[in-house]
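**Student:**
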Amino acid sequence: MALIRASICRFGRAPIISRAVRFYTTSPESAEPTGTNDKLPGPIPYDIPDTSDIKWFRNKFGGSGPDGKITDGLFYEQHDSRKTENGARMRNAPLMQRHKKVFGYRHIGPRQEDEAEMLKALGPGAETLNSFVKQVIPEDVMLPPDKTIVGRQLSEEGVKREFERMQLANDRKIWMNGGGYYSVEVPPVIKRNLLENPGWYTSYTPYQAEISQGRLESLLNFQTMVSDLTGLPVANASLLDEGTAAAEAMTLSYGNLPSARAKRGDKVFLVSKEIHKTTKWVMRGRAEGFGIRLMSVDLSSPEIDQTIKRVGKGLVGVLAQYPDTFGGVQDFRHLAHLVHEQGALFSVATDLSALTFLTPPGEFGADIAVGNSQHFGVPLGFGGPHAAFMAVADSIKRRLPGRLVGVSKDRTGGRALRLALQTREQHIRREKATSNVCTSQALLANMAAMYAIYHGPKQLRTMAIASLRHARMIQKAAEHYGLEVCTRTIDPEGRVLSDTVAISDSLDRLGKLQLALAKTHISAGESFTCRELMLAVPANFNDTNFTRIVQCFRTMAKRNEMDDAADLAADIWCKGYEESEERIIEGLPAAVRRTSSFLTHPVFNSYHSETELMRYIHHLQSKDLSLIHSMIPLGSCTMKLNAAFQMDLITSSHVSSSHPNAPMAFVKGWRQLVLVLNMQLNSLTGMHSTSLQPNSGAQGEFAGLRVIRKYHEENDPEQVRDICLIPVSAHGTNPASATMAGMKVVTVRCDPRTGNLDLADLEAKCKLHQDHLGAIMVTYPSTYGVFEPDIRKVCDMVHEYGGQVYMDGANMNAQIGLTSPGALGADVCHLNLHKTFCIPHGGGGPGVGPICVKEHLNKFLPHKLGRPRVSSALYGSASILPISWAYLSAMGDDSLVRATKIALLNANYMLARLKEHYLILYTNDKGRCAHEFIIDARHFKATSGIEAIDIAKRLQDYGFHAPTMSWPVPNTLMIEPTESESKAELDRFVDAMISIRKEIAEIESGRQPRAGNVLKMAPHTQADIIDGDGDGSWNRPYSRQQAAYPLPWLREKKFWPSVTRVDDAHGDTNLFCTCPPIEDGTNEANMSDQVTAKTEPEPEPETTPTKADELQAAVDKVEAEAMESLPATSEPSKDGADGNVKKP
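Per the UniProt record's numbering, numbering of the sequence shown is gapless, rising by one per residue and ending at 1144.
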């Protein structure tokens, strides 16, 4: 509660508010930051109350914050017996006779006997696991962490007990803090069958459309839901959170400007002063990188006309909040007209629930609508993960950030879904992108979509009106006792028009009211200035909660203080329910009352019973391949085990019920978990400090580069160090993140023979840009799947020329316990907790991308006081952090090291088996790869017409997801097995690849045609096998048996794709991104009206090139540099009929 901190005497003495209130002090980030180095009201460091009255943190946790040391009291204060000699003896005794297997035994796939066989297959030098590892990792790179990673290893049961103990330290409240977050009820049918279902949470991003139709359909439902409610024709398949979505709206507006305007030095983006405070904090950081000045204004002021005209051509765009953070609702039609007159875009941050009865943004002139779908049945989770959304006007749909599901057709002409317009995304646009979105929030988007499907449009509106009804009751009670309700409204009778009520008063009185509410287990929110207190109605609001609020109002009464609170509450409550839902809707001002229909598609009106929804969820799940079926060997994605005991932690009521803006004294358990996880990550990376705030790997990149930029600005203010060196092999998010951080990308070549960085080119670039060198971004092991021997030289060279080293942690699974970014010379690294540390991929999110830094960068971390955030919540997607903590705590140091070694072994074992059949692109001088390797498929195009995509699709017939395709080298396949896969599963995949190689050999020998063969026709559905080429006939050059059961074990264990190969070109040419009418399918005659009206691709109406166009025009040069560094395609091999590579 910053209200308490903010009420400071003029001379810096103690707060005005009673000292008894201090216990409820919240994070200092509740006050509005005024600048990077500005101090906020109150002398509070980080988020620990500056008062000796609050002893809970020092006494229980020790240290002074997430970067401090933790005393034994962190674990043992409540278990005094464990400090005694007897306690230690008793605790250690069972370790001598392990009657249960440690978790590492369950997590790691190969058994001891398998390990010996696998090492034998590797040949000389790999007699033992340790000798093999020495062949993989260069000697001067083998630098294990100095500190113990896991201070106290726990059993699976111990993890659960320790976590429950931590969570019991969190207070249980009725969370009414608002700020875009609401306490909601998660329908058990969705929780059990989707959130807790590994068939949903272990799948990968649906790039392989044929084995992802279930998730794609659910995400299409999400897009349709957002599009219908916002009144805008195209919506994406989720973004990270509302603050990030608002920042994306700003950069989209910037990218839409003509180039001449985008280059102006006076670019201004106007934001409502009544947006959520967390949204503004995120936008601040994003605006800096693009040279945009954020200006907070009163969008309802009569002076807004002159303000917009005064900004003129410098206007990038405008963002309004609807309803605003105080619950206010305004008519923005005139504002939209003003913005469009200046040639800019009008964005609106909104709430989906409110849009069931309020006019949708698309109907009053908004070009972009953003927000958080958390209100639709997604738990608070102390800040996330939640699925944000963005919907846009048709004219800017091809600049929409994030993933977009579209309707296309498959080989047989049937309806098929796919990810559309991928040329918009960072992996294509690279440094020309204005967005680095990679991970989205697919799992949470699916939950929100199922929530809308389960309830349907009528019930959704009924629930929204119930919250409005309760808000008006709170307003009436507050006004009865003379409290000032400051929520803006255009209602003639002054009634609020949303579910939030704001009360304005002095700091002293609001602090007392906040304390009174807290004592009755109600947590209220506070504004930027701490002069407004917000009460946002939760879904589970009831008469008891209302009575408590009225009683608190009475304690602060300015009039009618003698009126009994209980009687008043009963009167208001009963009278409030006398008014019908229809009458409330009819009473809304016409300017903001929704009259258009929404969610009319049958999918939102067919599954309202639990039985029907359960079957629908499982029907969709049956179409998707996930880790419940087979290994997913995606290189650089680390699809490892998501253990059930780890997942059990995140759905408990304690985890799901904490508000991200809760006072820190209410969430002691969360603070403890953050401290422990930070320490573990610091130790394994060799870094000093960690910030868990970034909620994706790409956001971690952006955060890390911002830290570097701020360090340079403070350390060398006279010199602009904005050059970022990036290898040509880097993931697309690297250059995109650098651009977003305001840096200029300079590419560094790689040796075409080894894949290692070209040190000569690196040194030349360092010398050329030595006065402006800011950083280098490197991935280790490299994206080519090898441990570069000269990585320490690279780091030393960049430091010599004044730069900082940023290490991308995408491949951290090959480092843990054997080396570390800090030891290698990195200053910053980000981690992917959804890769290396077992948070599931969720079918395309969520993710967590924390950054770890050396001590000299600690003060610039995004969770520090006054720093712009990179996500809306202080700890990002906090509710899934327990998964990574549980993984580390249960593994312990020994199992973590063994897991890394087995990850290396699994990859090299597969390489050893496959190198006799396929060309391997990169290995070290001993023929070893790191944790992943690349198969070169480029020469097959000349010998057989087969490309990597054909192998990928044929693998679906064998029941496998394809490896990473055509990255980092076009027309190749990158394989990463992880340590979780058993030798039997590795062999099964290798056997499938060998069988496919033999099928290619059949084409090369002429026994199968180059067109219409089993690979070009892959994948095959059950219907395709049964129906054949019409009337059951089969006129193909291969048999039905070969198509469906190419290997014997497939008859027992077979996953069937639900559509045949999807037509990508058709989907992009005929873009359709909402649920088509149920009878349409892909019947183009039936779809034509909608496609033409909404999404038929036409030349952009503008004739002046935009900033986005200018950036895209320069991409060819960078791509040419990248292609020059790739190894030349090998000469076509003269292979035998068995598909084996002929040895010279």
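Even glycine gets a Cβ: it sits at the ideal position worked out from N, Cα and C.
On the CB-based measure, 16 or more other CB atoms within 10 Å of its CB, does D957 come out buried or exposed?
**Tutor:** It counts as buried.
**Student:** Relative to the C-alpha of I275, which residue among P258, I585, E947, Q321 is closest?
**Tutor:** Of the listed residues, the one whose Cα sits closest to I275 is Q321.
**Student:** Label I44 either buried or exposed according to how many other C-beta atoms from any shown protein chain fall within 10 Å of its C-beta, with 16 as the threshold for buried.
**Tutor:** Caution is warranted here: a pLDDT of 31 is assigned to I44, below 50, making its placement in the model unreliable, and no coordinate value can be reported.
**Student:** Going by DSSP in three states, K409 sits in which element: helix, strand or coil?
**Tutor:** In this structure, K409 counts as strand in the three-state DSSP scheme.
**Student:** Run the CB neighbour count on K147, radius 10 Å, all protein chains shown included, and call it buried at 16 or more, exposed below.
**Tutor:** Classification for K147: exposed.
**Student:** Rounded C-beta distance between I839 and S884? I'm assuming under 8 Å.
**Tutor:** The Cβ separation is near 6 Å, so the contact holds.
**Student:** Whole angstroms is fine: what's the gap from V798's alpha carbon to K767's?
**Tutor:** Each residue's Cα considered, the two are about 10 Å apart.
**Student:** In terms of DSSP beta bridges, what is C829 paired with?
**Tutor:** Paired residues: M807, C852.
**Student:** Taking buried to mean at least 16 other C-beta atoms within 10 Å of its own C-beta, is R1007 buried or exposed?
**Tutor:** So R1007 counts as exposed.
**Student:** Spatial neighbours of E610 within its chain, please: CB distance less than 6 Å, with the 5 preceding and 5 following residues excluded, ordered by chain position.
**Tutor:** Taken in chain order, the residues that qualify are V189.
**Student:** By a C-beta neighbour count over all protein chains shown, 10 Å radius and 16 as the cutoff for buried, is I726 buried or exposed?
**Tutor:** Looking at its Cβ environment, which holds 16 or more other Cβ atoms inside 10 Å, I726 is buried.
**Student:** Residues in its own chain within less than 7 Å of A741 by CB, not counting five upstream and five downstream?
**Tutor:** Only G289, F702, L705, R706, R709 meet the Cβ criterion.
**Student:** Straight-line CA distance for L908 to C929?
**Tutor:** Reading off the sequence shown, one finds Asn at residue 908, where the question assumed Leu. So the two alpha carbons sit approximately 6 Å from each other.
**Student:** So, does the segment 358-367 touch the segment 202-221, judging by three or more C-beta pairs under 8 Å?
**Tutor:** Touching, no.
**Student:** Quick check on L74: buried or exposed, where buried means 16 or more other Cβ atoms within 10 Å of its Cβ?
**Tutor:** For L74, the predicted model reports a pLDDT of 43, less than 50, meaning its position is unreliable and no value from the coordinates is stated.
**Student:** Closer than 7 Å by C-beta to D751: which residues in its own chain qualify, once you throw out the five before and the five after it? Chain order, please.
**Tutor:** So the qualifying residues of the chain are D758.
**Student:** Thinking C-alpha only, which one of A354, I975, I902, D925 is nearest A937?
**Tutor:** Taking only the C-alpha atoms, the option nearest A937 is I975.
**Student:** By the DSSP assignment, the alpha helix (DSSP H) with K929 in it spans what residues?
**Tutor:** It should be pointed out that residue 929 corresponds to Cys in this sequence rather than to Lys. From DSSP, C929 is part of no alpha helix (DSSP H); its letter is neither H nor E.
**Student:** Given P1009, which residues of its chain have a CB within under 8 Å of its CB, disregarding the five upstream and five downstream residues?
**Tutor:** Cβ within range, chain order: I1003, P1037.
**Student:** Taking the beta carbon of E1052 as the centre, do at least 16 other beta carbons fall within 10 Å, making it buried, or is it exposed?
**Tutor:** Classification of E1052: exposed, given that the 10 Å Cβ count is below 16.
**Student:** Name the DSSP beta bridge partners of F389, please?
**Tutor:** Bridge partners of F389: G371.
**Student:** Would you kindly work out how many angstroms separate the C-alpha atoms of P1057 and I108, rounded to a whole number?
**Tutor:** One C-alpha to the other measures close to 29 Å.
**Student:** For the beta strand (DSSP E) containing V501, name the first residue and the last one.
**Tutor:** 500-504 is the span of the beta strand (DSSP E), which, as asked, contains V501.
**Student:** Could you pull out every residue in the same chain whose Cβ sits closer than 7 Å to the Cβ of V603, ignoring the five residues on either side in sequence?
**Tutor:** Closer than 7 Å at Cβ, skipping near neighbours: N221, I453, C1075.
**Student:** Check whether the Cβ atoms of A416 and V226 lie closer than 9 Å to each other.
**Tutor:** Against a cut-off of 9 Å, the Cβ pair of V226 and A416 comes out as no contact.
**Student:** Going straight from the alpha carbon of A169 to that of K512, what length do you get?
**Tutor:** One C-alpha to the other measures close to 24 Å.
**Student:** Look at the Cβ atom of A764, then the Cβ atom of C795, and state whether they are nearer than 9 Å.
**Tutor:** Taking 9 Å as the Cβ cut-off, A764 and C795 do not qualify as a contacting pair.
**Student:** What do you reckon, are the CB atoms on T690 and L673 nearer than 9 Å?
**Tutor:** Not closer than 9 Å, so no.
**Student:** Around the Cβ of H337, are there at least 16 other Cβ atoms within 10 angstroms (buried) or fewer (exposed)?
**Tutor:** Label assigned to H337: exposed.
**Student:** Residue ranges of each beta strand (DSSP E) run of no fewer than 3 residues wholly in the segment 172-230, ordered along the chain?
**Tutor:** Counting whole runs of 3 or more residues, the segment 172-230 contains the beta strand (DSSP E) stretches 174-176.
**Student:** Is the distance from the Cβ of V496 to the Cβ of G371 below 9 Å?
**Tutor:** Cβ atoms of V496 and G371: not closer than 9 Å.
**Student:** Between the Cα of A1023 and those of A524, C574, G414, spot the shortest distance and give me the residue it belongs to.
**Tutor:** That would be G414, whose Cα lies nearest to the Cα of A1023.
**Student:** Compute the beta-carbon to beta-carbon distance between P977 and M679, rounded to the nearest angstrom, for a pair I have assumed lies under 8 Å.
**Tutor:** At roughly 30 Å, the Cβ-Cβ gap does not stay under 8 Å, so P977 and M679 are not in contact.
**Student:** Between the Cα of I503 and those of I474, I490, D491, spot the shortest distance and give me the residue it belongs to.
**Tutor:** Comparing Cα positions, the closest option is I474.
**Student:** First and last residue of the beta strand (DSSP E) that includes Q321?
**Tutor:** Q321 -> beta strand (DSSP E) spans 315-322.
**Student:** Thinking C1073 and V234 are a contact (beta carbons under 8 Å), I'd like their distance in whole angstroms, please.
**Tutor:** C1073 to V234, Cβ: 5 Å. Contact.
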